[in-house]
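Chemist: As numbered in mature numbering (1 follows the signal peptide of the UniProt record, and there is no 0), residues -26 to -1, 1 to 935 make up the sequence shown, in order.
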Amino acid sequence: MGLRSPWTTLLIALGMLMCLVMPGASVKEHDFKKCDQSGFCKRNRAYADKATAESSRWQSPYNIQPASVSFKDGQLHAVIQKTTNAKGDTVNLPITVSFLKSGNARVTVDEERRQKQDIELRHDSKIRKERYNEADKWVLVGGLDLDKDARVSHQDETQTNVQYGKEGNLEAAIKYSPLEIDFRRDGASHIRFNDRGFLNMEHWRPKIDKEEGQEEKDGEDESTWWDETFGGNTDSKPRGPESIALDISFLGYEHVFGIPEHTGSLSLKQTRGGGDNHNEPYRMYNSDVFEYVLDSPMTLYGSIPFMQAHKKDSTVGVFWLNAAETWVDIVKSKAASNPLTLGKAEKTNTETHWISESGLLDVFVFLGPTPQDLTRTYGELTGYSAMPQEFAIGYHQCRWNYISDDDVKDVDRKMDKFKIPYDVIWLDIEYLDDRKYFTWDPHSFTDPTGMGKQLEDHSRQLVIIIDPHIKKLDGYPIYDQLSSQDLAVYDKEGKVYEGWCWPGSSNWIDCFNPKAIEWWKTLYKYDKFAGTAENTFIWNDMNEPSVFNGPETTMPKDNIHFGQWEHRDIHNINGLTFHNATFEALKTRKKGELRRPFVLTRSFYSGSQRLGAMWTGDNQATWEHLAASIPMVLNQGISGFPFAGADVGGFFGNPSKDLMARWYQAGAFYPFYRGHAHIDSRRREPYLLGEPYTGILTQALRLRYALLPSWYTAFFQANRDGSPIVRPMYWTHPSEEAGFAIDDQLFVGSTGILAKPIVEENKFSTDMWIPDDEVYYDYTTYNVVSTQKSKRVTIAAAIDQIPMLMRGGHVFARRDIPRRSALAMKYDDYTLVVSVSKDGVAAGELYTDDGDTFEHEKGQYIYRKFSLTEDSMSSVDAEGRNAKSVKAGAWLKAQNRVHVDKIIVVGATEAWNKKEVEIDSEGKTWAVQVDYHAAAKGQAAYAVVGRVGAKIGSDWSIKLA
Ligand code: NOJ
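See the structure below:
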């Protein structure tokens, strides 16, 4: 507590306690900064306002020095001179524009003086003098190969144009005076930097004490340059102002998506007021926002500064790689239409303004043209989402808290008794002895090993929570080691930082320090962490980090991390570094054991997708929060971190039974499917609801479990190329304008399953938007519900029904025998569902592997492509691999016992109207019965073929003609 008196400490502690015991308290918006309370945001908005007001008179003071421009091996180097005052003084800002093989471009701007450490720090600070330049080290994993074929296509004393991209159809026009970069595809401008002249890089300057009232006289408002106070905390800002800001225009684009985590529509709103618009910029400053508000640009727990702009048949985007507090303003303007194209509708431009507190200006530019190009090449840079532990895509049963090991065992038994499938039971902070991580409460968790064993016997897992704050208590070995090995975060005075969190007074592990990661790894070894076993996995919470008595419930920005970087510089990747340490620790629990970790994180940044799953934090048991979860989960998907879900049932409060039913149905479509509840909420395990609700929840869970093979395949696709696991309409149908703003329905992977969970009370039917002219069948009745695009079809949705359609033309896999867990289904046979297109064809895929190790990276997987043509149905290796090219390990060998059991052909043509079909596989043929049902009363014709008996990993075919 440093210099605080004991009374202040007591008051803070009481305040904390009040917050914790007041279940009804909601987020106090005024506890978090608005733009005009955040000095750099306010300054940059004012700068933008000035530029806008002065319009054509406004002269951006950033100019490239023509003589400084050089181009070599796919990179342009130059120096921007910023004119800093009326006298014409300038500062140098080196700029590099890199053209990458992927077709992306990267623009990086630094500040020469800080680069050379030629600045003075205030308050005798010992921090680094440079702008933070290590974000890429944590975030980027590839995609940086330079496009050596990029070439200067035009150059004169005013600009350089570079032609780049695989097809040479991309161009960056870098204009010198004032600096402006125009990114073009096929000759047309799509993205423009500094179009509106908002580029602002606050250069270093010494603090010159002025008399009161003098600050503004010299032209610039210095009132927020230096020490800044908010909510009783003063930020000492030893480097003074150093923000960076840039306006990025998306020309002709009406929709922008991305920059999670926020609540609200997937298509981002304007932020400069008016109508239904927000009044504040979207903020990214990872925070523990207790009971967050909906439809808000307010920051939440994680940040991904990746934005996609979309218009008919074109998607482009930017990735703003900066780990400091960031704000994004969005406005849309009608571009003056070309007078020659009389009568044509005006074009809308979306103009954005990005503002970060510190660090480099480092922006990637994506020119598409498809949404798939964006998600793929963004994944190339930041990594694709990890292949999950297979159990992790089943259902997770959590609450704060299961109170004892007996309680856990009891819930586990009851789930079985009621035949409710689940894979994982979770322990929140009450399992700990006095909130000390790596311990068990000696009274209520006396036999964690026995508890884990029962779960293991039932093919289930345990997840326990471990947070980054370490209780400050002499004699607690973890604390003693943290202190003696000097692995904690420091305060601005160079003392170990002390704050309040669950355990009371705590220190925070600094996972930017490689030694801290090494130490963290030692703590998870099975023989060190008694009570854990192979089926124990981890939940990382509070890693924004949450500090109850810190400014905006987090660490002071002038805290100091490993490498002498200020917390200000790295705040938004702090959560990722902790998640990463735990991920690494789980990989090394036992020598020779190489299994995929499962770690859930609350805080995240670009790149976190490589490490595990996320959830959307402390939502509420209300219909509005249920509705809000769908666009949030979709947004995670298009932003490269698709393993996402919201607390099913709602964290705070007590959901009605109808709300529970609808939430379990919606949750069946979250990639991460976990029920969770606050400590003060009533117990709500699915079996407690009573019929018909227990049955309804079980049905939703079974639907999820039956479709696990398809979910796993969707996870594989995400891992391969960044495809979202659940997909919004603009991503699957980028030409259909009517679907761009739709964010309440989704496709599951490439299955063609289109679902629209009901998220409103007393709503028993819904309209679904149909994106194309394909045939759509109802998932359960096989009724043909649509054959025409853009038609809103009304789908019945009684409380036990989920509006769910199958798009014609797909094949997806299911496992139809209900079992207790995903692991228990591992060797079950498959059902293939074929939804026949209007043209009588279909195709689909199945990916499967051991769901546990990294053996798949050595070819130990099965990846099939199924096709239905007019005259045959077949399964072949999706990559054309020869079955003998891989030496089968244990899992692959065991797949010889796994078969295709049934094929259900929905929309079956006359070719299926027969008693039996012949299967041909591995040189043998055999007959299989067909049960054909002719079309009747709106229901499509369908055929059930079975038992097929072909091995899932083998080629097989059925001749129809
Ligand atoms: C905050 C998390 O968001 C919540 O899910 C958890 O139950 C509590 N911390 C207690 O650990």
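We put the CB at the ideal spot given by N, CA and C, even for glycine.
Could you check which residue in Asn609, Gly623 and Gly624 has the C-alpha nearest to that of Phe617?
Modeler: Out of Asn609, Gly623 and Gly624, Asn609 has the C-alpha closest to the C-alpha of Phe617.
Chemist: Using the C-alpha atoms, what's the distance from Asn628 back to Lys737?
Modeler: Taking the straight line from one Cα to the other gives about 20 Å.
Chemist: Could you tell me whether any non-hydrogen atom of ligand 1 is closer than 7 Å to the CB of Arg409?
Modeler: It does not: the Cβ of Arg409 is nowhere closer than 7 Å to a heavy atom of ligand 1.
Chemist: Residue range of the beta strand (DSSP E) that His599 falls in?
Modeler: His599 -> not in any beta strand (DSSP E); alpha helix (DSSP H) instead, spanning Trp597 to Ile612.
Chemist: Considering only their Cβ atoms, is the gap separating Ile444 from Leu436 smaller than 8 Å?
Modeler: Against a cut-off of 8 Å, the Cβ pair of Ile444 and Leu436 comes out as no contact.
Chemist: Give the secondary structure of Gly473 by DSSP, where H, G and I count as helix, E and B as strand, and everything else as coil.
Modeler: Correct three-state label for Gly473: strand.
Chemist: Does DSSP put Ala124 in a helix, in a strand, or in coil?
Modeler: Ala124: coil per DSSP, three-state reduction.
Chemist: Exposed or buried, which one is Pro(-4) when buried takes at least 16 other CB atoms within 10 Å?
Modeler: Unreliable placement is indicated for Pro(-4), whose pLDDT of 38 sits below 50; no coordinate value is reported for it.
Chemist: Should the segment 757 to 770 be regarded as contacting the segment 792 to 800, the criterion being three or more beta carbon pairs within less than 8 Å?
Modeler: The segment 757 to 770 vs the segment 792 to 800: no contact.
Chemist: To the nearest angstrom, how far is the alpha carbon of Asp110 from that of Gly357?
Modeler: Straight-line Cα distance between these residues: approximately 12 Å.
Chemist: Between Tyr275 and chain C, is any beta-carbon pair separated by less than 8 Å?
Modeler: In summary, chain C is missing from the structure at hand, where a single protein chain is found.
Chemist: Could you have a look at Trp637 and say whether DSSP puts it in helix, strand or coil?
Modeler: Helix.
Chemist: Can you list, in chain order, the residues of its chain whose CB lies under 6 Å from that of Pro362, leaving out five sequence neighbours each side?
Modeler: The residues are Phe689.
Chemist: Could you pull out every unbroken beta strand (DSSP E) segment of at least 3 residues lying fully inside the segment 758 to 788, listed in chain order?
Modeler: You should have 758 to 760, 766 to 770, 778 to 781 and 784 to 788.
Chemist: Drop a sphere of 10 angstroms on the beta-carbon of Phe271, count the other beta-carbons inside from all chains shown, and report buried for 16 or more, exposed for fewer.
Modeler: Contrary to the premise, residue 271 reads as Pro rather than Phe in this sequence. Burial call: buried.
Chemist: Along the alpha helix (DSSP H) that carries Ser684, what are the first and last residues, could you check?
Modeler: From DSSP, the alpha helix (DSSP H) with Ser684 extends over Leu682 to Asp695.
Chemist: In the DSSP output, which residue or residues are listed as bridge partners for Asn37?
Modeler: In the DSSP output, where bridge partners are listed per residue, Asn37 has Gln55.
Chemist: Can you have a look at Pro416 and say buried or exposed, based on whether 16 or more other CB atoms are within 10 angstroms of its CB?
Modeler: Result: exposed.
Chemist: DSSP state of Gly713, grouped into three classes?
Modeler: Residue state, collapsed to three classes: helix.
Chemist: Beta-carbon within less than 8 Å of Ala309's beta-carbon, same chain only, minus the 5 sequence neighbours each way: which residues are those?
Modeler: If we look at Ala309 and ignore the five residues flanking it on each side, its Cβ neighbours are Leu225, Gly226, Glu320, Lys321, Thr322 and Asn323.
Chemist: With a floor of 3 residues, list each beta strand (DSSP E) that falls wholly inside the segment 167 to 234, ordered by position along the chain.
Modeler: Qualifying beta strand (DSSP E) stretches, in chain order: 202 to 204, 207 to 209, 218 to 224 and 229 to 232.
Chemist: For Gly524, is the classification buried or exposed, using 16 other Cβ atoms within 10 angstroms of its Cβ as the cut-off for buried?
Modeler: Result: buried.
Chemist: Please state whether DSSP places Val880 in a helix, a strand or coil.
Modeler: Strand, per DSSP.
Chemist: Measure the alpha-carbon distance for Gly818 versus Gly353 and round it to whole angstroms.
Modeler: Approximately 23 Å between the Cα atoms of the pair.
Chemist: Are at least three pairs of beta-carbons, each pair with one atom in the segment 64 to 82 and one in the segment 334 to 354, less than 8 Å apart?
Modeler: Touching, per the Cβ criterion.
Chemist: From this set, Asp98, Gly426, Glu3 and Leu600, which residue's C-alpha is nearest Arg257's C-alpha?
Modeler: Minimum Cα distance to Arg257 is reached at Glu3.
Chemist: Am I right that His650 and Asn260 are in contact with their C-beta atoms under 8 Å? What's the rounded C-beta distance?
Modeler: That belief does not hold up - the Cβ atoms of His650 and Asn260 are roughly 20 Å apart, past 8 Å.
Chemist: Is the segment 65 to 76 touching the segment 48 to 55, taking contact as three or more C-beta pairs under 8 Å?
Modeler: Verdict: yes, contact present.
Chemist: Does ligand 1 have even one heavy atom less than 7 Å from the beta-carbon of Arg576?
Modeler: Flag set: Cβ of Arg576 near ligand 1.
Chemist: In or out: Val860 buried (at least 16 other Cβ within 10 Å) or exposed?
Modeler: Under this definition Val860 is an exposed residue.
Chemist: Just verifying my parser: in three-state terms, what is the DSSP assignment at Trp539?
Modeler: In the structure shown, Trp539 sits in a strand (DSSP, three-state: E or B).
Chemist: How is Ala(-2) classed by DSSP in three states: helix, strand or coil?
Modeler: Its pLDDT being 43, under 50, Ala(-2) is placed unreliably in this model, and the value from its coordinates should be taken loosely. In the structure shown, Ala(-2) sits in coil (DSSP, three-state: anything other than H, G, I, E or B).
Chemist: Have a look at Asn207 and Met529 and give me their C-alpha separation to the nearest angstrom.
Modeler: Those two C-alpha atoms are separated by around 10 Å.
Chemist: Do Ile182 and Pro613 come within 8 Å of each other at the CB atom, strictly closer than that value?
Modeler: The sequence given here has Ser at residue 613, not Pro. It is not a contact, given that the beta carbons lie outside the stated cut-off.
Chemist: How far does the beta strand (DSSP E) with Ala109 in it reach, from first residue to last?
Modeler: Note, Ala109: premise wrong, no beta strand (DSSP E); alpha helix (DSSP H) at Ala109 to Val113.
Chemist: Identify every run of the beta strand (DSSP E) within the segment 305 to 367, keeping only runs that are complete inside it and at least 3 residues long; order them along the chain.
Modeler: Listed in chain order, they are 321 to 330 and 335 to 340.
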